[in-house]
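Everything on this sheet refers to the single structure shown next.
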Amino acid sequence: MNQQQLKRMTEDKGFIAALDQSGGSTPKALKAYGVDESAYHGEEEMFTRVHEMRTRIIKSPSFDKSRILAAILFENTMDRKIDSLFSADFLWNQKGIVPILKVDKGLADEKDGVQLMKPIPGLDELLDRANERHIFGTKMRSVIKQANPDGIRAIIDQQFEVGMQIVRKGLVPILEPEVDIHCPDKAKAEEIMLGCMKEHLAKLPADAKIMFKVTIPTVDNLYAEIMKDSHVVRVVALSGGYTMDDANEKLARNHGLIASFSRALAQDLRFSQSDDEFNAVLKKAIDSIYQASIT
1 MNQQQLKRMT EDKGFIAALD QSGGSTPKAL KAYGVDESAY HGEEEMFTRV
51 HEMRTRIIKS PSFDKSRILA AILFENTMDR KIDSLFSADF LWNQKGIVPI
101 LKVDKGLADE KDGVQLMKPI PGLDELLDRA NERHIFGTKM RSVIKQANPD
151 GIRAIIDQQF EVGMQIVRKG LVPILEPEVD IHCPDKAKAE EIMLGCMKEH
201 LAKLPADAKI MFKVTIPTVD NLYAEIMKDS HVVRVVALSG GYTMDDANEK
251 LARNHGLIAS FSRALAQDLR FSQSDDEFNA VLKKAIDSIY QASIT
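Residue numbering for the sequence shown is 1 to 295, as defined by full-length UniProt numbering.
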């Protein structure tokens with residue numbers, strides 16, 4: 001584990017930029033950016049176009065370490081280069097931004113009001129490659145749709161089980177048990193989830209370091225207690241389908257909770273914008289998310 005990166009993630013101000021749309025969500029992300037499906041043919045061209053978009057974001061002078069702590073990358077992005085450097089090395093060596101890798105393979109079908117992660121075949125080999133590429137940590141997402149105790153416990157059990165596999169490889173996992181913002185009893189689901197998280201935290205080895213990525217809670221400052229746990233590097237929040245303004249307003253009420261936004265970060269960026277326009281729009285988004293993350 002890179003101790004300089006760990007210190008930055010633990011102590012510095014800022015937020016995490018989520019640039020990790022994968023195969024299923026990439027066409028939607030490109031379309032929002034103004035690149036229609038007619039602009040590419042096949043998966044390889046699609047990933048090339050989305051890498052061009054991410055490269056434009058990362059190389060922008062607005063994408064700066066004074067605001068951005070870390071960036072979450074998709075596996076395909078990790079294996080590509082920005083200028084002459086692999087993406088993670090460019091982020092850290094050129095920008096001072098910590099690289100994180102999305103490792104999950106998507107969601108299983110809903111059962112007991114939740115969607116567990118699909119199996120992650122070859123995870124150990126992927127983590128070995130992540131270490132070779134100088135990745136600091138990982139991220140993996142599952143989704144809670146109902147306040148079902150059995151389903152929620154299954155989600156948290158799975159997140160911690162895979163998380164410890166990642167810890168043993170020397171990486172810092174971000175456990176992401178997202179609670180759907182449309183969950184009928186969202187506050188109850190979050191309360192149940194927090195109880196399960198605390199049970200698992202109490203059993204972790206003393207030197208294990210993890211992060212959590214959560215939906216902005218219905219009850220403000222719900223996660224304040226686990227933020228103080230010695231195992232927890234950071235608790236970060238996803239935008240979850242909220243607009244950037246709504247997400248920022250909710251985030252700012254939760255002290256110590258920082259953003260890890262994807263759609264909200266890039267919602268106003270367009271392929272057709274000049275570099276000056278693009279950089280100005282990105283700076284406005286980054287500044288607003290940063291301000292909401294330092295409350």
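All C-beta atoms, glycine included, are put in the ideal place defined by N, C-alpha and C.
Given the structure is predicted, the values throughout are model-derived calculations rather than measurements.
What span of residues does the beta strand (DSSP E) with PHE261 cover, start to end?
That run of the beta strand (DSSP E) goes 258-261.
What residue does the beta strand (DSSP E) around GLU176 start on, and which one ends it?
Segment 172-179, the beta strand (DSSP E) holding GLU176.
Kindly indicate the opening and closing residues of the alpha helix (DSSP H) around SER142.
Unbroken run through SER142 is the beta strand (DSSP E), 137-144; no alpha helix (DSSP H).
For MET1, which residues of its own chain have a beta-carbon under 6 Å away from its beta-carbon, when the five flanking residues on both sides are left out?
Excluding residues within five positions, the ones whose Cβ falls inside 6 Å are GLY170.
Distance, Cα to Cα, HIS182 vs ALA237?
Approximately 16 Å, taken between the alpha carbons.
Which residues bound the alpha helix (DSSP H) around LEU222?
First-last for LEU222: undefined, no H or E at that position.
Closest by CA to ILE144, which one among LEU194, THR295, ILE166, ARG234?
The residue with the shortest Cα to Cα distance from ILE144 is LEU194.
Figure out for me which residue from LEU69, PHE63, GLY24, ASP64 has the closest Cα to the Cα of VAL50.
Taking only the C-alpha atoms, the option nearest VAL50 is GLY24.
Figure out for me which residue from ILE289, PHE271, LEU204, VAL232 has the closest Cα to the Cα of THR243.
The residue with the shortest Cα to Cα distance from THR243 is ILE289.
Along the chain, where does the alpha helix (DSSP H) that runs through ASN121 open and close?
According to the sequence provided, residue 121 is Pro. The question's Asn does not apply to it. First-last for PRO121: undefined, no H or E at that position.
Contact the segment 253-260 vs the segment 34-42: 3+ CB pairs below 8 Å
With contact defined as three or more Cβ pairs closer than 8 Å, the segment 253-260 and the segment 34-42 are not in contact.
In terms of residue numbering, what span does the alpha helix (DSSP H) encompassing ARG54 cover?
Counting along the chain, the unbroken alpha helix (DSSP H) around ARG54 starts and ends at 42-59.
Contact set for ASP268: own chain, Cβ-Cβ below 6 Å, skip 5 residues either direction
Around ASP268: VAL281.
Bounding residues of the alpha helix (DSSP H) (the contiguous stretch that carries VAL167):
From DSSP, the alpha helix (DSSP H) with VAL167 extends over 149-167.
Measuring straight from C-alpha to C-alpha, what distance separates LEU265 and ALA17?
So the alpha carbons of these two residues sit roughly 7 Å apart.
If contacts are defined as beta-carbon pairs under 8 Å, then VAL162 and PHE136 qualify, I think. What distance do you get, rounded to the angstrom?
With a Cβ gap of about 17 Å, VAL162 and PHE136 do not count as contacting.
Quick test of your reading: ILE68 and ILE97, contact by CB under 8 Å. State the CB separation rounded to the nearest angstrom.
Beta-carbon to beta-carbon, ILE68 and ILE97 are separated by about 5 Å, close enough to satisfy the 8 Å threshold.
Per the contact definition of three or more C-beta pairs closer than 8 Å, is the segment 220-235 in contact with the segment 144-158?
With the cut-off at 8 Å, the segment 144-158 and the segment 220-235 do not touch.
I'd like the span of the alpha helix (DSSP H) that includes LEU73, first residue to last.
Careful: LEU73 lies outside any alpha helix (DSSP H), inside the beta strand (DSSP E) at 68-73.
Look up MET1 in the DSSP assignment and say whether it is helix, strand or coil.
In the structure shown, MET1 sits in coil (DSSP, three-state: anything other than H, G, I, E or B).
For ARG141 versus ASP104, is the C-beta distance shorter than 8 Å?
Against a cut-off of 8 Å, the Cβ pair of ASP104 and ARG141 comes out as a contact.
Bounding residues of the alpha helix (DSSP H) (the contiguous stretch that carries THR26)
Boundaries of the alpha helix (DSSP H) harbouring THR26: 26-33, taken from the DSSP string.
So the beta strand (DSSP E) LYS213 belongs to, where does it begin and stop?
Judged by DSSP secondary structure, LYS213 falls within the beta strand (DSSP E) whose first and last residues are 210-215.
Pull up the distance between the alpha-carbon of HIS134 and that of GLN4, whole angstroms please.
Each residue's alpha carbon lies about 13 Å from the other.
Considering only the alpha carbon of each residue, which of SER239, HIS231, VAL214, LYS31 lies closest to GLU199?
Comparing alpha carbon positions, the residue from SER239, HIS231, VAL214, LYS31 closest to GLU199 is HIS231.
Could you name the residues that DSSP lists as bridge partners for ARG234?
For ARG234, which the question treats as bridged, DSSP gives the partners MET211.
Determine whether the beta carbon atoms of ALA70 and LEU19 lie at a separation below 8 Å.
The Cβ atoms of ALA70 and LEU19 do not sit closer than 8 Å to each other.
Checking the sheet assignment: what are the DSSP bridge partners for LYS111?
Looking at the DSSP assignment, LYS111 forms a beta bridge with VAL114.
Per-residue DSSP class, three states only, for LYS95
Under the three-state reduction of DSSP output, LYS95 falls in the helix class.
Count the other CB atoms, across all protein chains shown, that sit within 10 Å of the CB of ARG234; report buried if there are 16 or more and exposed otherwise.
Around the C-beta of ARG234, 16 or more other C-beta atoms lie within 10 Å, and the residue is accordingly described as buried.
Have a look at GLN165, ALA88, GLN158, ILE82 and flag the residue whose alpha-carbon is nearest the alpha-carbon of GLY122.
The shortest C-alpha separation from GLY122 is found at GLN165.
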